[in-house]
Amino acid sequence: MSKFLLFLIVAALGGLIYFDILEVNVHVPESGGNLAGTANTILRDKATLEKGRTYITDLKRKGELIFIRDKEKRLVLSLLYVKNDAARLKELIADKTSPEGLLPQAELLVNSLNRVRNTAEKAPVEVVASLKDESAAAFATAAEALGNLKEQSAEYEAIREEFNRLTSSLEEQIGTLQLEEPTKETNKAD
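Last residue of the sequence shown: 647 in the numbering used here, with the numbers rising by one and none dropped.
Below is the structure:
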């Protein structure tokens with residue numbers, strides 16, 4: 458009952474704002490400076506966008522599951538989340554997204570897997586048994602996506618090792634050049 462009341466209050470506020478009965482003003486202080494430049498920087502950073510997208514997606518899913526009372530539907534929806542998250546993670550890996558962009562999606566996939574586990578623990582045995590094939594397919598997709606993520610991690614590790622090797626090689630070469638700042642004695646000799 459309290460969830461319905463909360464929904465009713467939010468809907469009423471939304472209606473009041475929509476029909477201009479209630480007005481909401483946001484004032485940005487002058488010290489806010491370059492708000493447009495900051496927004497532009499955030500919108501160009503794909504890792505930040507991915508973090509925001511996964512955060513909003515997780516909130517939306519929690520909201521959806523609040524209103525669904527049927528345990529079978531909750532389990533089916535949780536399995537769908539796993540499939541979608543695994544597909545999105547595969548897509549990001551295929552697009553050669555940076556590790557900062559992959560991490561939020563991987564965390565969302567892990568949250569979805571945990572959600573399936575928690576939902577399956579609360580669901581009747583018959584429901585879990587009826588969704589066995591579907592859950593096996595969803596978990597296989599998730600395992601494949603996480604396997605791709607491990608391959609990506611190994612690839613990044615190889616690149617990092619190559620970078621470290623090149624850096625140490627350059628440090629050795631620079632060290633053999635014996636570059637020093639001119640001292641007062643060398644300046645006097647000139």
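For each residue, glycine too, the CB sits at the ideal point set by N, CA and C.
(Q) Judging by CA-CA distance, which residue of 497, 460 and 619 is the nearest neighbour of residue 525? (A) 460
Q. Roughly how many whole angstroms lie between the Cα atoms of residue 555 and residue 472?
A. 42 Å
**Q.** At least 3 beta-carbon pairs within less than 8 Å: the stretch 587-604 vs the stretch 536-556
**A.** With a cut-off of 8 Å, the stretch 536-556 and the stretch 587-604 count as touching, because enough Cβ pairs lie within range.
Q) What does a CB cutoff of less than 7 Å around residue 579 pick up in its chain, not counting 5 residues either side in sequence? A) Sequence-distant partners of residue 579 (beyond 5 residues in either direction) whose C-beta falls short of 7 Å from its own C-beta, in its chain, are 528.
Q | Exposed unless 16 or more other CB atoms sit within 10 angstroms - verdict on residue 559 | A | Result: buried.
Q: For residue 576, I'd like the list of residues in its chain whose CB is within less than 6 Å of its CB, leaving aside the five on either flank, ordered along the chain.
A: 531, 532 and 535
Q) Under a three-way DSSP split, which group does residue 554 fall into? A) coil
Q | Cβ neighbour criterion (16 or more within 10 Å) applied to residue 511 | A | buried
**Q.** Under 9 Å between C-beta atoms of residue 514 and residue 570
**A.** no
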